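Residue numbers (our numbering): 6 to 195. Built from N, CA and C at the ideal position, the CB exists for glycine as well. Note that this is a predicted model, so its numbers are computed, not measured.
In structure tokens:
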């Protein structure tokens with residue numbers, strides 16, 4: 006009942022959730038999202054921010070837009086959905102004693118959509134920004150970043166690599182272009 010599309014743009018990465026038909030039940034549409042990360046999560050109605058140990062914002066979901074099949078904009082917001090998960094307990098006990106449970110918090114947030122008069126399918130479109138890695142070209146007007154793509158694992162080290170194009174790069178010949186390959190590692194991109 007749900008499809009997820011990704012679109013990269015100069016504003017950031019759009020992650021569209023397309024809900025094909027209205028889920029069963031009453032009330033507003035609620036899309037619960039689990040963020041499997043060690044980053045801290047701050048949620049308010051307008052944005053979800055993921056913060057590292059140093060307090061730096063690493064990722065932000067914001068600019069939430071939602072529309073139905075007729076192109077009508079729908080009211081929507083983010084909501085914190087605090088959850089606990091049982092990580093271990095004694096399976097041999099007949100009655101589970103809460104003193105023997107180990108719990109951990111989970112990073113969950115929700116997108117709430119007023120779909121009362123909506124025509125399905127609807128599209129939920131938050132924008133993801135705050136990259137954890139950036140690169141700059143070494144030549145003005147080379148159009149560095151004109152194209153960006155995952156290269157897979159070019160050097161077979163187990164980490165995905167990135168290719169960035171600069172179609173107007175000049176190196177001896179005018180506008181010959183250049184491709185830059187950045188190798189991923191356990192700590193990310195260089």
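- Apart from sequence neighbours up to five positions away, the residues of its chain that approach residue 18 with a beta-carbon distance below 7 Å are 11, 133, ordered along the chain.
- In this chain, the beta strand (DSSP E) harbouring residue 62 covers 62 to 72.
- Residues of the same chain with a CB within less than 8 Å of the CB of residue 171, apart from the 5 flanking positions on each side, are 142, 144, 147, 148, 149, 150, 151, 182, 183, 184, 185 in chain order.
- Taking C-beta atoms under 8 Å as the contact rule, residue 80 and residue 119 qualify, at a distance of about 4 Å.
- Here residue 74 is not near residue 7, since their CB atoms are 9 Å or more apart.
- Short of 8 Å from the beta carbon of residue 67, and not among the five residues preceding or following it, lie these beta carbons of its own chain, in chain order: 51, 52, 53, 131, 132, 134.
- A Cβ-Cβ separation of about 7 Å places residue 21 in contact with residue 129 under the 8 Å criterion.
- Within the model, the alpha-carbon separation for residue 61 versus residue 178 is close to 42 Å.
- DSSP lists no bridge partner for residue 159.
- Collapsing the DSSP output to three states places residue 131 in a strand.
- If you draw a 10 Å sphere on the C-beta of residue 9, you find fewer than 16 other C-beta atoms in it, and that means exposed.
- If you look at residue 12, you'll find it in the beta strand (DSSP E) that goes 7 to 14.
- When DSSP states are grouped into helix, strand and coil, residue 17 belongs to the strand group.
- As DSSP reads the structure, residue 152 sits in a beta bridge with 170.
- Note: residue 37 is bridge-paired with 115 in the DSSP secondary-structure output.
- For residue 37 and residue 57, the gap between their C-alpha atoms comes out near 22 Å.
- For residue 190 and residue 167, the gap between their C-alpha atoms comes out near 11 Å.
- The beta carbon of residue 45 is closer than 6 Å to those of 56 in its chain, skipping five residues each way along the sequence.
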